[in-house]
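A short worksheet on the structure shown next.
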Ligand SMILES: Nc1ncnc2c1ncn2[C@@H]1O[C@H](COP(=O)(O)OP(=O)(O)O)[C@@H](O)[C@H]1O
Ligand SMILES: [Mg+2]
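Numbering (the numbering used here), first residue to last: 3 to 364.
In C-alpha cells form, the structure reads like this:
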C-alpha cells in the first residue's frame, strides 16, 4: 500500500540528512510502528508520506501511484493524519473538528452530521461532547477526537504521530487496547509513530526501528525483533525484560498445554493416587466431563468418593487467549506453581514454569 524507496531528507542549512535513504514496504491493512530515539526522523518520515515535507530525493508510492505525481489535496484525502500534540482547532466545537475534512470536501450538512455521529460511536466518545470545545475535554477524550477527525473521510491510510504520547499511562493503555480493536475491524493501513517500545510491540504487525539520521536499523514482526535483534543498537533500544516482552506476544493457547493432575469425579481412589504420583503433586484437580470443578488436597483422597469431597476453586484461572506473560504471573502467584486454563468453565489444560520458559528458549 505504501512503498518508500531511498527516501532522503536534508533540511536546508543542515549537513546531515534527517532521513537517510529509507526503503520500506507497508502492506495493505498492516499497522507498522515506527520507533526510535527523539530526533531520529520519525515525524519527518510521516510528513514526507503526505507531502507536508517534500523529500530531497527518493520515491514514495501510495496504492501503486507515485505520490509526487498526485495533486497534494487528492493525496491527503486518502491519508488520515493524527499529528503529534493532537492539534485540535481550539475555537471549533468537537463536532466541527471531527467534520473538518468532510466539510473541506463539500459534503452537505446532513451527511457530515451523520458521519460525525457514527465516528463518535466508533471511537467511544460521549455524544454530549459534540457541542463542547477541545479545552473542555480531558487529554484522553481529545485523543479520541483526533482519531475520529483522521477517520472522517474514511481514508484507506492513517498516519499517526505519537497519538497517545500526552496522556497518563492508564488512559494510554485503554486507548491502545481500543485502537488495537478498532484497527482489527477497520483494516486501515497504518503508520504509527511512537517512542514507547511496549506500545510499538503491542500495536505493530511489524515494527521499524530507526537510528539517528533516519537510518533503518531493523524492520520485522515484533516477535522476530525481540527474538533476534539485528544489532547492539536495537538490543539496547529494546531495553530490559526482552523475555517478558516476548511472552506478552504469545497466547496461552499457542503453548503446549498439559492435562496435569486432573481426573474425572467418577475416578476411583487408585486412579486418583496414581495421577498425583505421576505428576509428583499432593493435590488433585477434579473435572465433571469437560467442566472444571476445582481441586482437593491429596490427604483427602481415598477417604470418600471424589464426588463427595467439596473441591476448592482455583484462585486464578486463565482464558486461552491470555498472554503467556499473564500465565507467568499466575504461575508465580499460585501455591501449586501452575496456571489453569479454563474457557467458559471448560477445562483446557495447565501450564507450569517449564512450559512457559520453553516457549521463549526453544
Ligand atoms: N523544519 C525543519 N527544519 C530543519 N530541521 C528540522 C526540521 N524538522 C525537523 N528537523 C530536524 O530533523 C531531525 C529529525 O526530526 P524529527 O523528524 O522531528 O524527529 P522525531 O520525530 O523522530 O523526534 C531533527 O534533528 C530535527 O531537528
Ligand atoms: Mg516527532
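Backbone N, C-alpha and C fix where the C-beta goes; we use that ideal spot for every residue, glycine too. Keep in mind that this is a model prediction, so the values were computed, not measured.
Proximity test, residue 166 beta-carbon vs ligand 1 heavy atom, cut-off 7 angstroms: For this step, residue 166 is matched to residue 164 along the chain shown. No - ligand 1 has no heavy atom lying nearer than 7 angstroms to the Cβ of residue 166.
Give the DSSP-derived three-state secondary structure of residue 122 in the structure shown. Start at 1 with the first residue of the chain shown, and residue 122 comes out as number 120. Three-state result, residue 122: helix.
Throw me the rounded Cβ distance for the residue 101 and residue 154 pair, which I believe falls under 8 angstroms. Taking the first residue of the chain shown as 1, we reach residue 101 at position 99. Taking the first residue of the chain shown as 1, we reach residue 154 at position 152. Contact between residue 101 and residue 154 is confirmed by a C-beta separation of about 7 angstroms, below the 8 angstroms threshold.
Under 5 angstroms, CB to nearest heavy atom of ligand 1: contacting residues: 13, 20, 40, 41, 42, 43, 44, 45, 46
With a cut-off of 8 angstroms, do at least 3 Cβ pairs link the region 312-322 to the region 335-355? Verdict: yes, contact present.
Please name the residue, chosen from 35, 19, 92, 235, that lies closest to residue 204 on a Cα-to-Cα basis. Stepping through the chain shown from its first residue, residue 204 is reached at position 202. Considering only alpha carbons, the answer is 35.
If you compare alpha carbons, which of 29, 3, 55, 32 is closest to residue 21? For this step, residue 21 is matched to residue 19 along the chain shown. Considering only alpha carbons, the answer is 55.
Can you grab the Cα-Cα spacing for the pair residue 361 / residue 235, in whole Å? On the chain shown, position 359 is the one that residue 361 refers to. On the chain shown, position 233 is the one that residue 235 refers to. Whole-angstrom Cα-Cα distance: 25 angstroms.
Is residue 87 near ligand 2 - that is, is its Cβ less than 7 angstroms away from at least one heavy atom of it? For this step, residue 87 is matched to residue 85 along the chain shown. No - ligand 2 has no heavy atom lying nearer than 7 angstroms to the Cβ of residue 87.
Residue 190 and residue 147 - do their beta-carbons sit closer together than 8 angstroms? Reading the chain shown from its first residue, position 145 is the one you call residue 147. Reading the chain shown from its first residue, position 188 is the one you call residue 190. Contact flag unset, no.
For the 8 angstroms Cβ check, are there 3 or more pairs between the region 274-287 and the region 299-306? yes
Classify residue 117 as buried or exposed, calling it buried when 16 or more other Cβ atoms lie within 10 Å of its own Cβ. Reading the chain shown from its first residue, position 115 is the one you call residue 117. The residue in question, residue 117, is buried, as its Cβ has 16 or more Cβ neighbours within 10 Å.
Should the region 120-135 be called in touch with the region 67-85, which here means at least 3 C-beta pairs below 8 angstroms? no
Count the other C-beta atoms from every protein chain shown that fall within 10 angstroms of the C-beta of residue 25, then say buried if there are 16 or more, exposed otherwise. As a first step, residue 25 must be located in the chain shown, where it is residue number 23. Exposed, since its Cβ has fewer than 16 Cβ neighbours within 10 Å.
Does the region 4-22 come into contact with the region 202-221, if we say contact requires no fewer than three beta-carbon pairs (one atom in each stretch) closer than 8 angstroms? yes
Alpha carbons only, please: which of 40, 294, 355, 198 is nearest the one belonging to residue 332? Here the question's residue 332 lines up with position 330 in the chain shown. Looking at the Cα atoms, 355 is the closest of the given residues.
Alpha carbon to alpha carbon, what distance is there between residue 161 and residue 104? Taking the chain shown and counting its residues from 1, one reaches residue 104 at position 102. Taking the chain shown and counting its residues from 1, one reaches residue 161 at position 159. In this structure, the CA atom of residue 104 is about 18 angstroms from the CA atom of residue 161.
Between residue 339 and chain C, is the shortest Cβ-Cβ distance under 8 angstroms, so that the two count as touching? The chain inventory of the structure shown lacks chain C, comprising one protein chain alone.
Check whether the region 10-19 and the region 169-185 touch, using three or more Cβ-Cβ pairs below 8 angstroms as the test. no
Residue(s) in a DSSP beta bridge with residue 11: Taking the chain shown and counting its residues from 1, the one referred to as residue 11 is at position 9. 21.
Inter-stretch contact (C-beta, 8 angstroms, three-pair minimum) for the region 74-93 and the region 221-239: no
Using only CA atoms, which one of 110, 88, 112, 6 lies nearest to residue 68? Within the chain shown, residue 68 is the residue found at index 66, counting from 1. Checked all of 110, 88, 112, 6; the closest Cα to residue 68 is 6.
Under DSSP, the alpha helix (DSSP H) around residue 234 begins and ends at which residues? Position 232 of the chain shown, counting from 1, holds the residue named residue 234. Run containing residue 234: 234-240, per the alpha helix (DSSP H) assignment.
From what residue to what residue does the beta strand (DSSP E) around residue 35 run? By 1-based counting over the chain shown, the position of residue 35 is 33. Unbroken beta strand (DSSP E) run through residue 35: 33-37.
Pick from 336, 84, 328, 334 that is closest to residue 193, judged by C-alpha positions: As a first step, residue 193 is located in the chain shown; it is residue number 191 there, counting from the start. When only C-alpha atoms are compared, the closest one is 84.
Beta-carbon proximity check, residue 348 vs residue 292, cutoff 8 angstroms: Walking along the chain shown from the start, residue 348 turns up at place 346. Walking along the chain shown from the start, residue 292 turns up at place 290. Yes, Cβ-Cβ distance for residue 348 and residue 292 is below 8 angstroms.
Kindly provide the ranges of any beta strand (DSSP E) runs that are 3 or more residues long and lie completely inside the region 285-346, ordered along the chain. 285-290, 293-299, 340-345
Can you list, in chain order, the residues of its chain with a C-beta nearer than 8 angstroms to that of residue 314? Leave out the 5 residues immediately preceding and following it. As a first step, residue 314 is located in the chain shown; it is residue number 312 there, counting from the start. Excluding sequence neighbours, residue 314 sits near 296, 297, 298.
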